[in-house]
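Student:
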Amino acid sequence: MSIAEEVNCLRRIPLFANIDTAKLKLLAFTSERLSFRSGDILFEQDEMGTCAYILLRGEAEVIVTGPGGPLAVATLGSNEIVGEIAILCDVPRTATVRASTDLEALCVPKDHFLQMVADFPQMGLEIMRSLAHRLEQTTARLREVLAAQAV
Amino acid sequence: MESSIFRFILRHSVRQQIVLTLMTLASFPFLYASLDLPKRIVNEAIAGKKLPESFLGFHLDQVSYLFVLCGLFLTLVLVNGAFKYVINTYKGRLGERMLRRLRYELYVRVLRFPLPRFRKMSPGEIIPMITAEVEPLGGFIGDAIAIPVFQGGTLLVYIAFIFVQDPVLGAAAVSLYPFQGWLIPRLQRKVNQLGKQRVRAMRQIADRIGETVSGIQEVHTHNTASWHLADLSHRLGDVYRIRFEIYQRKFFVKFLNNFINQLTPFFFYSIGGYLVIHGQLSFGALVAVLAAYKDLAAPWKELLDWYQQKEDNRIKYEQVVEQFHVPDLLAERLLREEEDVPFKGSLSFRNVAFGEDGGSPILEGVTCDIPLDGHTALIGVGSGRDELAQLAARVLLPSSGQIRLGERDYAELPESVTGRRAAYVGATPYLFSASLYDNLVYGLRHRPLRENGGSEEAAERRKKRMTESVLSGNATDDVDADWIDYAAAGCDGPEDLKTRILRVVTMVSLQDDVYGMGLNRTVDPERRPDVAARVLEARDAMRATMLNNPDLGRLVERFDPDRYAANATLAENLLFGTPVGPIFQTDALASNPYMLHVLDKVGLTDTILETGHKVAETMVELFAGLPPGHEFFERFSFIGFAELPEYQGILARTAKEGLGTLRPEERTRLMTLPFKLIGARHRLGLMTPDLEKKLLEARHLFASDLPADLKHAVAFFDPEAYNAAASIQDNILFGKMVYGQAQVQSKVGRIVAELVDQLHLRDTIVEVGLDHPVGVAGSRLSAAQRQKAALARALLKRPDLLVLSEATSGLDTSSQTKVHSAIMGERKGCGLVWVLHRAGLARAFERVIVMKDGRIAEHGRFDELNRPGTLLHELVTAE
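This is the structure we're talking about:
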């Protein structure tokens, strides 16, 4: 897969949807392409994160280890980004991510990502929009849960 | 050391000075004759006024007489030239020897300085004194005696001549000399003072520059460059002012001298003339005196010049030497004497104090016994722990009180005892700029032990060097001899020592670091065929491992002569080897005629040019929007920020006119780019199967056509041969780590480590790693590695008493624990003094000394002291 294809992939991710092709190309060029075998760990819960992963091909499971042991909470497919929270604010990984099939991912190192945001403010806006959107969703979800509890 | 330069000269070169003076005097008649002869040639031979009847018994006519005199003149010119040559060479050699002696003596003094002295004196001051400041003295030493004797003698002869002619005029001729003799030194004195000021100012500047270099990090961290610039500018201004004043005064002295010298003829003309007119003096006498006075001027001027030079050099000498006159210099015999006193029993401190002059004492009233066959912990609060440790290792000497070793005063033992039987390691040890090995065996180099063999010629050269050293009073030990004291390390030879070093390195947990250094080093297979052969074994084993386990096989792409390596650069693929020297370096390939010839022959030139064009387009597209100095340029771009406009220009032109119209240097610029392409990493979609096929063709052609004179410039990848230009790790892998494999580095590292262990290659690689150069002051090692190396250096010489002061502070906790227990084990039954920063660690020691503010608060066994109410208890519970 060449950079052109990676750029197409990035384009389908809402976070990057409105960003110039040239900038996406730069992001792809400066990121490392990693291959994982089925069962390989992308990152472990509670370790400090150094990069975000953009899945290009294959699937991965998100596993949260709680008091009751590990629990798979979600499955990610291609064109999804994972691990971005750890690089936006310095918090440990909130979950473990494991490749459930053979997987190709683009690894965006934290400093490149932040550098790009600093260099292209429009990318920062997109991230704000996307995060606000997610916050809105989470708040809505919380409201639903609280409403359910009240009943 | 002699306090004045003349004492120094007389003491060390009186014989040479006499020879020099005699030679100068001997040259005088010839010089005089050569001045006199032209007169005779003109008056006698050419004018034919006083033709002699016969010359040395031969009868000569006028022409023959002329030729004889001219022949004589030529001979005299040659004789004078020969005298000058011999005398100057002699002077020069004398000056150099004396300079060498002076520098050596100053360096000896540096070695003898008491250690606290170095807190007041910086290298920035010491170095220019020994190197630059004494340099002019060499030139003066040859002239020191000969010039005043010779010129003074000449002057006296002339003065006597004038006095014989006419005592009154004679007196008139020298009448102003006493005045000059009184005035000039007075004027000179001020110049001398300024000279001293200048030297001091220059030293401070040297010191400041040294400080800036050492503290450069702080300068940048705190944005203080302007402050330093202002400071230096101010100091340079001071030097300028001093120098300018010196010039003014110096030239004024010269002016005054010239004036006074002309004043005397003024008297001759006026008074002498008056006397002649009145018939009281004959005209002939006046002319003779005037001529004689003219001759006086030259030696007198020389003498005055010499005087100024002498004053200049006298001050230089005194100013340097006074800095090296330190009252409490270590006795010379402490450094020189050979003795052997075994460390037995205990080191008894009796009322020992240590402090720097003027300051309050750091250590007071210390009375204790430190056993030399057991372990003593030093803990406490406040000052004095490290000083006590350094006193125990005899790095410092007590200011008062006494330390006794058996019957002997510890301070009076020569370093041949204390420097071999005791060892001290502090928190910031110093490593010398050499290989790690050299630093480890540093503690074993006390005396030359075995002469370096070599050819007869080499022995002859060595002998010559030694003779010369003796003549300059320098050391005569041969630096090229084998200085390593194997016996001190408990070994019987170099091989045994290597084994011992490996053990010690393991003891201080340095082996993994050295292993890493070894993996990244190259080995000359001709010098170490054994290593090369075993690395090749490891390469085969690596291959087998990867074939058997495809999961691992995916991590490394092996070099295959018939396959394009996607994880290597295009350049590496073409060369299929490692460049040796600059000829085939990646950046030079596009302008290398042979490479261009190969590309032409397989029809790749245009493709490479087009590929270069595409790379340039992509780079400009990707990076043109970034600000200058952005880190991406350095890390990712094929084109630096500064070159971008140039490439943009090329691209704009080719867009209109095509690639055909490019100038040669523009072609080269574009063609340089593709050589850096790594297919698997850069993913630009430029590496097509067709291009790869062509490149393989070029690879084969490159190797088969390579002219003999370029064969040394590349080390080919050959599955069967060791690559001398590549590191051990690259030789084992014989390929490239695959891009895009998660954690490929650590995974491959683990596989290599396993193989290395299976083949028992680890020790060999560690041994190669010992050749790693540590850099200036060990700067290429981390702080922890430096501490470990210093510990290893101390352990290697097996001291009777090992003194450690926070010597493991830079290590992480787990290595600290490992190293502590290894050292405690190694030193079982031997003397060990350890300054600990955690009181709890003292539990493992036989004795504990607890210090409080420079005094011993408690002293005894840990269990006895560890009860409520003691300082030890307080310290332990506070942890």
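Sequence lines, in order, name chains A and B.
Mapping to full-length UniProt numbering: the first sequence position 32 is 32, numbers consecutive.
Mapping to full-length UniProt numbering: the second sequence position 345 is 345, numbers consecutive.
Using N, Cα and C, we set each Cβ at its ideal position, and we do this for glycine too.
Here the structure is a predicted model, which means the values were calculated and not measured.
Tell me the start and end of each unbroken alpha helix (DSSP H) in the stretch 143-214 of chain B that is at least 4 residues and wholly inside, in chain order.
Tutor: With a minimum length of 4 residues, the continuous alpha helix (DSSP H) runs that stay inside the stretch 143-214 of chain B are 146-165, 167-174, 177-214.
Student: Would you call the stretch 722-741 of chain B in contact with the stretch 83-92 of chain A, where contact means no fewer than 3 C-beta pairs closer than 8 Å?
Tutor: Result no; under three Cβ-Cβ pairs closer than 8 Å.
Student: For alanine 128 of chain B, collect the residues of the same chain with a Cβ closer than 8 Å to its Cβ; drop the 5 residues on either side in sequence, then sort them by chain order.
Tutor: Strictly speaking, residue 128 of chain B in this sequence is proline, with alanine absent from that position. Answer for proline 128 of chain B: Met202, Arg203, Ala206, listed in chain order.
Student: Can you tell me whether DSSP reads glutamate 61 of chain A as helix, strand or coil?
Tutor: DSSP places glutamate 61 of chain A in strand when its eight states are reduced to three.
Student: With C-beta atoms as the reference, is leucine 502 of chain B less than 8 Å away from aspartate 763 of chain B?
Tutor: Their beta carbons are under 8 Å apart, which means leucine 502 of chain B touches aspartate 763 of chain B by this criterion.
Student: Three-state secondary structure (DSSP) at proline 342 of chain B?
Tutor: The answer is coil: DSSP assigns proline 342 of chain B none of H, G, I, E or B.
Student: Check distances from the C-beta atoms of the stretch 729-749 of chain B to those of chain A and list, in chain order, the residues that come in under 8 Å.
Tutor: Those would be Tyr739, Gly740, Gln741, Ala742, in chain order.
Student: Is there a Cβ from chain B that is less than 8 Å from the Cβ of serine 31 of chain A?
Tutor: No, serine 31 of chain A does not count as interfacial toward chain B.
Student: Tell me the rounded alpha-carbon separation between tryptophan 306 of chain B and isoleucine 147 of chain B.
Tutor: Distance between the alpha carbons of tryptophan 306 of chain B and isoleucine 147 of chain B is about 7 Å.
Student: Going by the C-beta, is tyrosine 247 of chain B closer than 7 Å to any heavy atom of the ligand NAP?
Tutor: Ligands in the displayed structure: none, and consequently the ligand NAP is not present.
Student: Quickly, what does DSSP pair threonine 75 of chain A with across the bridge? List them, please.
Tutor: Threonine 75 of chain A pairs with A:Glu61.
Student: Which residue from B:Leu229, B:Glu245, B:Asp166 puts its Cα closest to that of glutamine 188 of chain B?
Tutor: The candidate whose alpha carbon is nearest that of glutamine 188 of chain B is B:Glu245.
Student: Using only the alpha-carbon positions, how far apart do leucine 335 of chain B and phenylalanine 641 of chain B sit?
Tutor: If you take the alpha carbons of leucine 335 of chain B and phenylalanine 641 of chain B, they lie about 58 Å apart.
Student: What are the residues that DSSP puts in a beta bridge with proline 579 of chain B?
Tutor: Answer by DSSP bridge pairing, in chain order: B:Val714.
Student: Got a sec? Which residues, its chain only, sit under 6 Å from cysteine 112 of chain A by beta carbon, not counting five neighbours each side?
Tutor: A quick correction: the sequence has histidine, not cysteine, at residue 112 of chain A. Only Thr30 meet the Cβ criterion.
Student: Measuring alpha carbon to alpha carbon, tell me which of B:Leu871, B:Lys196, B:Met517 ends up nearest valine 774 of chain B.
Tutor: Nearest C-alpha to valine 774 of chain B: B:Met517.
Student: How many angstroms separate the CA atom of glutamate 44 of chain A from the CA atom of alanine 624 of chain B?
Tutor: Using only the alpha carbons, I get a separation of about 37 Å.
Student: Given glycine 355 of chain B, which residues of its chain have a CB within under 6 Å of its CB, disregarding the five upstream and five downstream residues?
Tutor: Pro361, Ile362, Ser399.
Student: I'd like to know if glycine 685 of chain B contacts chain A, where contact means its C-beta is closer than 8 Å to some C-beta of that chain.
Tutor: Chain A, which has a Cβ nearer than 8 Å to the Cβ of glycine 685 of chain B, makes this yes.
Student: Put glutamate 136 of chain A into one of helix, strand or coil per three-state DSSP.
Tutor: Three-state result, glutamate 136 of chain A: helix.
Student: For alanine 52 of chain A, which of helix, strand or coil comes out of DSSP?
Tutor: Correct three-state label for alanine 52 of chain A: strand.
Student: Drop a sphere of 10 angstroms on the beta-carbon of tryptophan 834 of chain B, count the other beta-carbons inside from all chains shown, and report buried for 16 or more, exposed for fewer.
Tutor: The residue is buried, with at least 16 neighbouring Cβ atoms inside 10 Å.
Student: Buried or exposed, going by whether 16 or more other CB atoms sit within 10 Å of the CB of arginine 635 of chain B?
Tutor: Exposed: under 16 other Cβ atoms inside 10 Å.
Student: Between the stretch 729-746 of chain B and the stretch 532-541 of chain B, are three or more C-beta pairs nearer than 8 Å?
Tutor: At 8 Å Cβ cutoff, the stretches touch.
Student: For arginine 847 of chain B, does the three-state DSSP call read helix, strand or coil?
Tutor: Of the three classes helix, strand and coil, the one that applies to arginine 847 of chain B here is strand, per DSSP.
Student: Is the stretch 138-146 of chain B touching the stretch 89-106 of chain B, taking contact as three or more C-beta pairs under 8 Å?
Tutor: Yes, the stretch 138-146 of chain B is in contact with the stretch 89-106 of chain B.
Student: Of the residues B:Arg421, B:Leu137, B:Phe118, B:Thr661, which one's Cα is nearest the Cα of alanine 326 of chain B?
Tutor: Strictly speaking, residue 326 of chain B in this sequence is valine, with alanine absent from that position. Among B:Arg421, B:Leu137, B:Phe118, B:Thr661, the Cα nearest to that of valine 326 of chain B is on B:Phe118.
Student: Would DSSP call residue 924 of chain B helix, strand or coil?
Tutor: Chain B is shown from 1 up to 879; residue 924 of chain B falls before or after that span and cannot be answered.
Student: When you compare the CB of phenylalanine 636 of chain B with every CB in chain A, is at least one pair closer than 8 Å?
Tutor: It does; some Cβ of chain A falls within 8 Å.
Student: Just to make sure I have the definition right: I need the residues of chain B whose C-beta is within less than 7 Å of the C-beta of phenylalanine 36 of chain A. Which are they?
Tutor: Per Cβ cutoff of 7 Å: Ala742.
Student: Under DSSP, the alpha helix (DSSP H) around histidine 220 of chain B begins and ends at which residues?
Tutor: Taken as a continuous stretch (DSSP letters only), the alpha helix (DSSP H) holding histidine 220 of chain B covers 216-221.
Student: Taking DSSP's pairing of strands, which residues face residue 898 of chain B in a bridge?
Tutor: Given that chain B is displayed from residue 1 to residue 879, the structure contains no residue 898 of chain B and the question cannot be resolved.
Student: At a CB-CB cut-off below 8 Å, which residues of chain A make contact with phenylalanine 702 of chain B?
Tutor: Simply none; closest approach about 28 Å.
Student: Anything in chain B within Cβ reach of isoleucine 3 of chain A, meaning under 9 Å, just list it in chain order.
Tutor: By Cβ distance, chain B contributes Thr618, His682, Arg683, Leu684, Gly685.
Student: Check the C-beta distance from asparagine 80 of chain B over to glutamine 180 of chain B and give it rounded, since I have them as a contact under 8 Å.
Tutor: Contact doesn't hold; Cβ gap of about 31 Å is too wide.
Student: In the structure shown, what three-state DSSP assignment does proline 276 of chain B receive?
Tutor: Proline is not the amino acid found at residue 276 of chain B; the sequence shown has valine there. Three-state DSSP puts valine 276 of chain B in a helix.
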